[in-house]
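In this note's numbering, the protein residues as written are 4 to 133.
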């Protein structure tokens, strides 16, 4: 469908939901010593570089849980502090956005299955880390 200017509507950018704990846990770089600091570094990396290897526009949502709660959003990355399980919150975000393309970045097999059943695409941590 065209917009009011007659320009083809490209739709919403893909909603890229990043499982922060799972992505951080994929690299043994000492993240467990400062979970909030590691989450902030991942957030900042995503804000500056986007999703490595992807050229399409994306709305990036970083889901944090546990000791990483309280990380603030920055331009380019919205941070969601899960009120309970990060996986459950990611599933809720996917379910609540069924009208658009969704990509969940995680290596968690069960989470991949759950969001896949809701029609989301899934990718591994390298999608966020390069």
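Just so it is clear, CB atoms sit at the ideal spot from N, CA and C, and this is done for glycine as well. In this text the structure is predicted, and so the values were computed from the model without any measurement.
According to the neighbour-count rule (16 or more other Cβ atoms, all chains shown, within 10 Å of its Cβ), is residue i buried or exposed?
i	result
residue 112	exposed
residue 130	buried
residue 133	exposed
residue 87	exposed
residue 109	buried
residue 34	buried
residue 8	Because residue 8 sits at a pLDDT of 39, beneath the cut-off of 50, its placement in the model cannot be relied upon, and the following sentence gives the value as read from the coordinates. Looking at its Cβ environment, which holds fewer than 16 other Cβ atoms inside 10 Å, residue 8 is exposed.
residue 123	buried
Looking only at its chain, what residues have a beta carbon closer than 7 Å to the beta carbon of residue i, apart from the 5 residues adjacent to it on each side?
i	result
residue 3	Absent from the structure is residue 3, since the part of the chain shown begins at 4 and ends at 133.
So what's residue i in DSSP terms, helix, strand or just coil?
i	result
residue 21	strand
residue 7	Reliability fails at residue 7, whose pLDDT of 42 lies under 50, so the model's placement of it is uncertain and the value that follows must be treated cautiously. Looking at residue 7 - three-state DSSP - the assignment turns out to be coil, as it is neither helix nor strand.
residue 131	helix
residue 105	strand
residue 120	helix
residue 12	In this prediction, residue 12 has a pLDDT of 43, which is less than 50 and means its spatial position is unreliable; what the coordinates show is noted afterwards. It is coil, neither helix nor strand.
What is the residue span of the beta strand (DSSP E) that residue i lies within?
i	result
residue 77	Segment: none, residue 77 is in no beta strand (DSSP E) and carries neither H nor E.
residue 47	Not the beta strand (DSSP E): residue 47 falls in the alpha helix (DSSP H), residues 38–52.
residue 62	61–67
residue 124	124–126
Our contact map puts residue i next to residue j with C-beta atoms below 8 Å; I'd like the distance itself, whole angstroms only.
i	j	result
residue 83	residue 64	6 Å
residue 42	residue 80	Actually they are not in contact, since the Cβ atoms of residue 42 and residue 80 sit about 11 Å apart, beyond 8 Å.
residue 61	residue 16	5 Å
residue 18	residue 100	5 Å
In its own chain, which residues sit with a C-beta less than 6 Å from the C-beta of residue i, not counting the 5 before and 5 after it?
i	result
residue 114	90
residue 128	26, 29, 110
With residue i as the anchor, note down where its alpha helix (DSSP H) starts and where it stops.
i	result
residue 89	89–98
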